[in-house]
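> Under mature numbering (1 follows the signal peptide of the UniProt record, and there is no 0), the residues of the sequence shown are numbered -29 to -1, 1 to 470, in order.
Cβ atoms here follow ideal geometry from the backbone N, Cα and C, with glycine treated the same way.
Here it is, the structure, as structure tokens.
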Amino acid sequence: MTISQGLSRRNFILGSTAGGALLASGAGAQTVPAPINDVTGGATFRWIDSGDQKAVFFKKLFAEYAAARDVNIVYDPLPWNEIARVIPLGVRNETAPDVFVLPRNTSLADAVAQGWLQPYDDFIPDIETWKAGFPTGAFLPGINVFDGKTYGLPFTSNKRYSTHLLYNKDYMEAAGFDPAETPLTQSEFREAARKITEAGKGRYFGFILGGSQLNRWQDAVRNMGRMAGASAGGDSPLDADIDLRTGDYVFDSDEYIAAVELLIAMNDDGSFFPGLMNLNAPQARAYVPQGAAGMILQGPWNIPGWEAGHPEFDFGVASGPVPDQGPTGKLTISQAGAVPNTISLWAGSDNGAIAGEIFHYLGTLEGQVAWGTVVGAGDPPIMPEAIERAEFSPRSRFILNHFNEAIRVGPNPIVRNADLAKVISSFTAPDIGFARTVQGLVSGEMTGVAKEMKALKDRYNAALDAAFDKARTEGAQVDRADLVFPNWDPDVDFAAADY
């Protein structure tokens, strides 16, 4: 097995194996997924995802599988910015990897409609029995099932959020706070960042974020706003940032505006790590265990990585910032798996048999427990029994317990009207979207928070109306009233009987 890092754009276009981890026969064989297909020996199979702790699991699994099945596996874990470039380019040039995660701005419905993907039903024997082993709602028409065929594997739970607090315990203690015991309010979050920066005297700073990775801005505002009481749905075009009790966008809510203004104030305080706007998420998080930044709002995937790579680093994990006054709102997720981790089979792949064996293993209790033990709370397995059986560190257990308290399942409009899948595939986000607007306001490129957030709402309403209009011209029986669930209580799980 040979491993090299970094996938160049040119080599990706050429379909080269350079830049990835080439995992070939000859690696030490251990327990691997049981053969369920006829796999051609000597085949080269390529896989791209967003890495992090996932890469630790997949590098080992792929090495063992490659040895057992006499194949070569090229594994490339890439930042989301790079995924957004190379996947569409690879599909267009017919050099895409066999399996990949979709760019963050591309829905599974879009990818299927555009012919990017093929179903994998033919590569998992008795697939309906296998799918029945997943939690209810893991496979849904219009989400990952289209025309009766299965696209996209939801193998990790979406009961997590990507903006909880990770912090240097020494710096935080010196600042006078204990977030694990008492979550920081938004004002305390700002104060802690300021105090840590002052104590650092230019050697370290209070807060860091991957500012060049646009989704980090919208995620931070979205989750602070929702925890402050601006209840909204999950992360598809049909529910993200929409209060499903009314069907209205919440971009211009007091809570979202306050979250943007908080980030602007922290920047004005000088609490941001210098050059933050030029960092992607992996670069930003790397500075925290080095002692260069005291806090980051990111996800639980950092926990196992830091514990393994920086065992001497004493860090804490806690809730994201909560409101200064009033109750903390619940975060809402939709049924099904974690969207960013959903893996798909490229339409041009001739290696469906290999993909099917790996997908099948990831959807068994054995594979789920193995996944959970290695990846930890960062991307917990989708099967609850696997979470119970997997081995987690105390920090991982702490944050999983927090997720159980902080997150509830909300309505999924497609469950009530499957025709809404056509709306998703027709939706095109505004050129200046949520993430870009927040980044522009914090950087000072745009001014007037309330004005810009109202304009953002207007742009999204126009885009959503256009998507509904297009879907109706294609025969869909849909209306924006389909997004309204007046019986939704954001503080409790929305059950099947509630539809």
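1) Can you tell me the Cα-Cα spacing of Ala452 and Asn388, whole angstroms?
2) Roughly how many angstroms lie between the CA atoms of Gly262 and Ala151, to the nearest whole one?
3) So what does DSSP say about Ala(-6), is it helix, strand or coil?
4) Would you list the residues sitting across from Thr121 in a DSSP beta bridge?
5) Suppose you measure from the CA of Ala279 to the CA of Phe363; what does that come to, to the nearest Å?
6) Can you list, in chain order, the residues of its chain whose CB lies under 6 Å from that of Asp464, leaving out five sequence neighbours each side?
7) At which residue ranges does the segment 410 to 447 contain complete alpha helix (DSSP H) runs of 4 or more residues, listed in the order of the chain?
8) Is there at least one Cβ from chain D nearer than 7 Å to Gly204's Cβ?
9) Taking the alpha-carbon positions, what's the Val413 to Gly419 distance?
10) Enumerate in chain order the residues of its own chain whose CB-to-CB distance from Glu232 is below 6 Å, with the five nearest sequence positions on each side excluded.
11) Tell me whether His281 sits in a helix, a strand or coil according to DSSP, three-state version.
12) If you reduce the DSSP assignment to three classes, tell me which class Arg216 lands in.
13) What are the uninterrupted segments assigned as beta strand (DSSP E) that are 3 or more residues long and contained completely in the segment 148 to 231, given in chain order?
14) For residue 474, which of Thr344, Leu136 and Leu302 has the nearest alpha-carbon?
15) Just tell me which of Lys441, Pro208, Ala191 and Val10 has its CA closest to the CA of Tyr227.
16) Under 8 Å Cβ to Cβ from Ala(-1), same chain only, skipping five residues before and after it: list those, please.
17) State the Cα-Cα distance for the pair Trp188 and Ala361, rounded to the nearest angstrom.
18) Of all the options Ala252, Ala255, Arg193 and Met248, which has the alpha carbon lying nearest to the alpha carbon of Ala229?
19) Check this for me: beta carbons of Phe176 and Ala257, under 7 Å apart or not?
20) State whether the segment 285 to 301 contacts the segment 195 to 203, with contact taken as three or more CB pairs (one from each stretch) at a distance under 8 Å.
21) Kindly indicate the opening and closing residues of the alpha helix (DSSP H) around Arg82.
22) Pairing CB atoms from the segment 75 to 91 with CB atoms from the segment 273 to 287, are three or more of them under 8 Å?
23) Return the CA-CA distance between residue 483 and Gly61, expressed in angstroms with no decimal places.
24) Could you tell me if Asn121 is buried or exposed, where buried requires 16 or more neighbouring beta carbons within 10 angstroms of its beta carbon?
25) With a CB to CB cut of under 6 Å and the five nearest residues on each side skipped, what residues in its chain are close to Ala80?
26) Please check the pair residue 488 and Thr303, which I expect to be a contact at CB under 8 Å, by giving their CB distance rounded to whole angstroms.
27) Keeping to the same chain, check which residues put their C-beta closer than 7 Å to that of Ile179; ignore five residues upstream and five downstream.
28) Across which residues does DSSP place Arg379 in a beta bridge pair?
29) Identify whether Gln1 lies in helix, strand or coil by the three-state DSSP scheme.
30) If distances are taken between C-alpha atoms only, which option among Lys425, Gly446 and Asp469 comes closest to Val221?
31) Measuring CB to CB, does Ala348 end up less than 7 Å from Pro271?
32) According to DSSP, which residues form a beta bridge with Val72?
33) When we look at the beta-carbon of Gly123 and count the other beta-carbons within 10 Å, is it buried (16 or more) or exposed?
Based on what the coordinates show:
1) The count along the sequence shown starts at 1 and reaches residue 452 at position 481. The count along the sequence shown starts at 1 and reaches residue 388 at position 417. If you take the alpha carbons of Ala452 and Asn388, they lie about 11 Å apart.
2) For the purposes of this step, residue 262 is taken as the residue at position 291 of the sequence shown. For the purposes of this step, residue 151 is taken as the residue at position 180 of the sequence shown. Approximately 19 Å between the Cα atoms of the pair.
3) In the sequence shown, counting from the first residue as 1, residue -6 sits at position 24. Confidence is the limiting factor: at Ala(-6) the pLDDT is only 44, short of 50, which leaves the residue's position unreliable, though a coordinate-based value still follows. In the structure shown, Ala(-6) sits in coil (DSSP, three-state: anything other than H, G, I, E or B).
4) Stepping through the sequence shown from its first residue, residue 121 is reached at position 150. Looking at the DSSP assignment, Thr121 forms a beta bridge with Val116.
5) Numbered from its first residue, the sequence shown carries residue 279 at position 308. Numbered from its first residue, the sequence shown carries residue 363 at position 392. Per the coordinates, the alpha-carbon of Ala279 lies some 13 Å from the alpha-carbon of Phe363.
6) Within the sequence shown, the letter at position 493 stands for residue 464. Answer for Asp464: Arg379 and Val380, listed in chain order.
7) For the segment 410 to 447, whole alpha helix (DSSP H) runs of length 4 or above, ordered along the chain, are 420 to 444.
8) Checking the listed chains, one finds no chain D in this structure; it contains a single protein chain.
9) Counting from 1 along the sequence shown, the entry for residue 413 is found at position 442. Counting from 1 along the sequence shown, the entry for residue 419 is found at position 448. Spanning the two alpha carbons is a distance of roughly 11 Å.
10) Translated into positions along the sequence shown, residue 232 becomes position 261. Here the set comprises Val420.
11) Here the question's residue 281 lines up with position 310 in the sequence shown. Coil, per DSSP.
12) Your numbering for residue 216 matches position 245 in the sequence shown. Here Arg216 sits in coil by DSSP.
13) DSSP runs (the beta strand (DSSP E)) wholly in the segment 148 to 231: 176 to 179.
14) Because the chain in this structure spans residues -29 to 470, residue 474 falls outside the shown range and cannot be described.
15) As a working note, residue 227 is residue 256 in the sequence shown. For the residues Lys441, Pro208, Ala191 and Val10, the minimum Cα distance to Tyr227 belongs to Ala191.
16) Counted from its first residue, the sequence shown places residue -1 at position 29. Bear in mind that a pLDDT of 31 at Ala(-1), under 50, signals an unreliable position, so the number given afterwards is only what the model happens to contain. Answer for Ala(-1): Glu35, Ala38 and Ala39, listed in chain order.
17) Taking the first residue of the sequence shown as 1, we reach residue 188 at position 217. Taking the first residue of the sequence shown as 1, we reach residue 361 at position 390. About 32 Å.
18) Numbered from its first residue, the sequence shown carries residue 229 at position 258. When only C-alpha atoms are compared, the closest one is Arg193.
19) On the sequence shown, residue 176 is found 205 positions in, with the first residue counted as 1. On the sequence shown, residue 257 is found 286 positions in, with the first residue counted as 1. Contact flag unset, no.
20) Yes, since at least three Cβ pairs between the segment 285 to 301 and the segment 195 to 203 fall closer than 8 Å, the two stretches touch.
21) Residue 82 sits at position 111 when you count from the first residue of the sequence shown. According to the sequence as given, residue 82 is Ala; it is not Arg. Start and end: Leu79 to Ala84.
22) When Cβ pairs closer than 8 Å are counted between the two stretches, the segment 75 to 91 is seen not to touch the segment 273 to 287, the count staying below three.
23) This structure cannot speak to residue 483, because the chain is shown only from -29 to 470.
24) To locate residue 121, count along the sequence shown from 1; it is residue 150. One detail in the question is off: residue 121 reads as Thr in this sequence, not Asn. With 16 or more Cβ atoms within 10 Å of its Cβ, Thr121 is classed as buried.
25) In the sequence shown, residue 80 corresponds to position 109, counting from 1. Residues Ala392, Ile395 and Ser396 of the same chain have their beta carbon placed closer than 6 Å to that of Ala80, with the five preceding and five following residues left out of the count.
26) Nothing can be reported for residue 488: it is not among the residues displayed for the chain, which extend from -29 to 470.
27) Within the sequence shown, residue 179 is the residue found at index 208, counting from 1. Excluding sequence positions up to five before and after Ile179, its CB lies within less than 7 Å of the CB of Phe244, Leu247, Ala255, Tyr258, Val259, Ala264 and Ile267, all in the same chain and listed in chain order.
28) Sequence index remark: in the sequence shown, residue 379 carries index 408 (1-based). According to DSSP, Arg379 bridges with Thr303.
29) To locate residue 1, count along the sequence shown from 1; it is residue 30. With a pLDDT of 35 at Gln1, under the threshold of 50, the modelled position of that residue is not reliable, and the figure given next carries that caveat. Looking at Gln1 - three-state DSSP - the assignment turns out to be coil, as it is neither helix nor strand.
30) Your numbering for residue 221 matches position 250 in the sequence shown. Checked all of Lys425, Gly446 and Asp469; the closest Cα to Val221 is Lys425.
31) The residue labelled residue 348 in the question sits at position 377 within the sequence shown. The residue labelled residue 271 in the question sits at position 300 within the sequence shown. Yes.
32) As a working mapping, residue 72 is identified with position 101 in the sequence shown. Looking at the DSSP output, Val72 sits in a beta bridge with Ile314.
33) The sequence position of residue 123 within the sequence shown is 152, counting from 1. Buried.
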